[in-house]
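Everything on this sheet refers to the single structure shown next.
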Amino acid sequence: MGLLAAGLSVLFAFDARAAQAAPVPAHKGASAAARDGQRDFDWEIGAWKTRVSRLQSPLSGNETWLELEGTTVVRKLFDGRANLAELDIAGPSGRIQGISLRLYEPQARQWSINYANLRSGTLTAPIAGAFKDGRGEFFGRDTFDGRPILVRFVIECATRDVCRFEQAFSADDGKRWEPNWIATDTRIADPTPTE
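Under mature numbering (1 follows the signal peptide of the UniProt record, and there is no 0), read the sequence shown as residues -21 to -1, 1 to 174, first letter to last.
And the structure:
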């Protein structure tokens, strides 16, 4: 993934102590329960070139963005009911390596996304949501710099081979959102038959 993830700051700057926080519902009025979304991430299986713009200091008023590039490799697990995205990006600000585990919850008909930053070895609080009309929206609660926040992660694909991932934080219960992670993934390889 890009993530993310998703993203998964994507999920890269969370305080892991909040991992027990309850997820926020995907979005009001969503019809995720009306359909089985188990295959919603199948399009992402394979290798991707990843370009990331990351806000240096989220929720601080600082508007400095950092640029990173690298790859994301996404592998299908358990016949599509889960997948693992491996992110490896770098830029002048340093290197970020992480993994994003996405799990499908059949009863809720939603996906949960968990991200682990390999530098810190910590897992973020989960975000949960679903795809509707080709757009994935995932929400959760976490803490950032010691204060409670909401997290929103959006996935949209212009084509089968180009997708955009955006993570945003809200410190005011969703009234305002500040994007802090924008990734664009471009496919470089389709999955092999065993993936």
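We put the CB at the ideal spot given by N, CA and C, even for glycine.
Pairwise C-beta distances place the region 121 to 141 out of contact with the region 45 to 64, as fewer than three of them are shorter than 8 Å. Note on the region 120 to 160: whole beta strand (DSSP E) runs with a minimum of 3 residues are 126 to 138 and 141 to 149, in chain order. Between D169 and W27, the C-beta spacing is not below 7 Å.
The C-beta distance from L97 to G70 rounds to 17 Å, too long to meet the 8 Å contact threshold.
V141 is classed as exposed because its beta carbon has fewer than 16 other beta carbons within 10 Å across all chains shown.
A buried status is given to F20, since no fewer than 16 other beta-carbon atoms sit within 10 Å of its beta-carbon. The C-alpha of T43 is placed about 33 Å away from the C-alpha of L82. Counted as a single uninterrupted DSSP element, the beta strand (DSSP E) harbouring R33 occupies residues G25 to L34. Bridge partners of Q76 according to DSSP: D67.
Check the Cα spacing between K111 and each of S99, E135 and T101: the tightest is with E135.
Note that the C-beta distance between A95 and G73 is not below 7 Å. For Q35, the CB contacts under 8 Å within the same chain, skipping 5 residues up- and downstream, are N41, T43, W44, L45 and S72 in chain order. Taken through DSSP and simplified to helix, strand or coil, G100 comes out as coil. Put simply, of A162, R166 and I167 the residue whose alpha carbon is nearest the alpha carbon of I68 is A162.
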